[in-house]
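Numbering (the working numbering), first residue to last: 4 to 230.
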């Protein structure tokens, strides 16, 4: 009970899941849905840590109706770099990477996919990294330095802890995440999501022996726009 209790503010949530793979039969067993969710639904309306943003949540507002087991949600995340790549040159002139670039989550967006509430934003938050940012990757992320600064940001800015709990809540509720290249998003967010809770367009629109298509190309293709 104590290990699964996320109510205490001093705790940084981190779950480790072990699975026995002694034989093929065991490795095929799916983890049953945990209906006794320990993360309170109130986490979806976490207030902003900056005074410059207008909170989308009214005071004493009840948590919105959340999707549950089998419901679709569209998910996307943006990241910033908190550690740059390091490499060295060998005597032959080749470059060897000694440390890869490390990223941190900087924005999380989830949209409701249920027919009755399709298109409603469940949450769209900027996330303050716990480490100094070395590169905001603005060209790809759209994130500017002031967006993550509590003194300047006009976005709904939350802590990495709150962002983790919001996503963890949807995972525990059995939601199915739809997005592009979700494995990297979840990996960077330090989340483990069962494969049966993921619909990834990166794989849906991939042909064998061909390279994976980018989200930009896929969007233009689906919307029939000139590239």
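All C-beta atoms, glycine included, are put in the ideal place defined by N, C-alpha and C.
With 16 or more other CB atoms across the displayed protein chains lying within 10 angstroms of its CB, residue 131 is buried. Under the DSSP assignment, residue 72 falls outside any alpha helix (DSSP H); it carries neither an H nor an E label. In the three-state reduction of the DSSP assignment, residue 46 falls in the helix class. In the displayed model, residue 51 falls within coil according to three-state DSSP, outside both helix and strand.
Between residue 159 and residue 221, the alpha-carbon positions lie close to 29 Å from each other.
The Cβ atoms of residue 139 and residue 84 lie closer than 9 Å to each other.
The DSSP assignment places no complete run of the alpha helix (DSSP H) inside the region 87–114 (cut-off: 4 residues).
For residue 206, the three-state secondary structure derived from DSSP is helix. In the DSSP assignment, residue 131 falls within the unbroken beta strand (DSSP E) covering 124–131.
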